Amino acid sequence: MEVLERRENPMLDRVELQFRWDHPNSPTPSLTQIVEATTKAEPGSKKNLVFVKNVNTRFGMARTSGIALVYGSEESASIEPSYVIERHKSVTNPEPKVAAESPEPPAEAPEGVPDSDEEGGDE
């Protein structure tokens, strides 16, 4: 990942990084990869305070560009829209993998209650 421009925004307590990522012979970088590369490029940053926006990969080119916003505190990061915060929770708090549960056996009919398949009855 190459940082094209680094701009400090003290009013919003964040650093704005404009980046370009050349990825020949590999797929477009995932959100997780971009956040990890941003934390390496910006010393002292935390994954939960990095938000990636405007990611664009040009058709036919192995080049992705975008903007990464690195906030100084959780309070200052709260200005981000809720959908952006939710999107980035998967990066900072990955959901634990749930072990495959065995399906429950079908419940049996209580004794004394006839099944509807049985013949007989007063009809």
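Residue numbering for the sequence shown follows my numbering, beginning at -8 and increasing consecutively. In this text, a Cβ means the ideal position worked out from N, Cα and C, and glycines have one as well. A quick note: this is a predicted structure, and the numbers were derived from the prediction, not measured.
Judging by CA-CA distance, which residue of the options is the nearest neighbour of residue i?
{"i": "S64", "options": "E27, A32, P34 and V41", "result": "V41"}
{"i": "V6", "options": "S17, D13, W12 and V(-6)", "result": "V(-6)"}
{"i": "T19", "options": "S56, A68, Y74 and S67", "result": "S56"}
{"i": "N16", "options": "V61, M52 and L22", "result": "M52"}
{"i": "E71", "options": "L3, F10 and V26", "result": "L3"}
{"i": "W12", "options": "T48, Y74, K44 and A68", "result": "T48"}
{"i": "R(-3)", "options": "S21, T29, R78 and N45", "result": "T29"}
{"i": "T23", "options": "S69, A59 and Q9", "result": "A59"}
{"i": "N0", "options": "K37, Y62, H79 and G35", "result": "Y62"}
{"i": "L8", "options": "I25, H14 and S21", "result": "I25"}
{"i": "H79", "options": "H14, F10 and E27", "result": "E27"}
{"i": "S67", "options": "N45, T83, N39 and R54", "result": "N39"}
Residue i by DSSP, collapsed to three states: which one?
{"i": "A68", "result": "helix"}
Check for me: the alpha helix (DSSP H) holding residue i runs from which residue to which?
{"i": "K31", "result": "L22 to A32"}
{"i": "S81", "result": "S73 to T83"}
Which residues bound the beta strand (DSSP E) around residue i?
{"i": "K44", "result": "V41 to T48"}
{"i": "A59", "result": "R54 to Y62"}
Buried or exposed: where does residue i fall if 16 or more other Cβ atoms within 10 Å of its Cβ makes it buried?
{"i": "F50", "result": "exposed"}
{"i": "M(-8)", "result": "buried"}
{"i": "V75", "result": "exposed"}
{"i": "S81", "result": "exposed"}
For residue i and chain B, any beta-carbon pair shorter than 8 Å?
{"i": "V(-6)", "result": "Although the question refers to chain B, the structure presented lacks it and comprises just one protein chain."}
May I ask you to list the residues that DSSP assigns as paired with residue i?
{"i": "N0", "result": "R5"}
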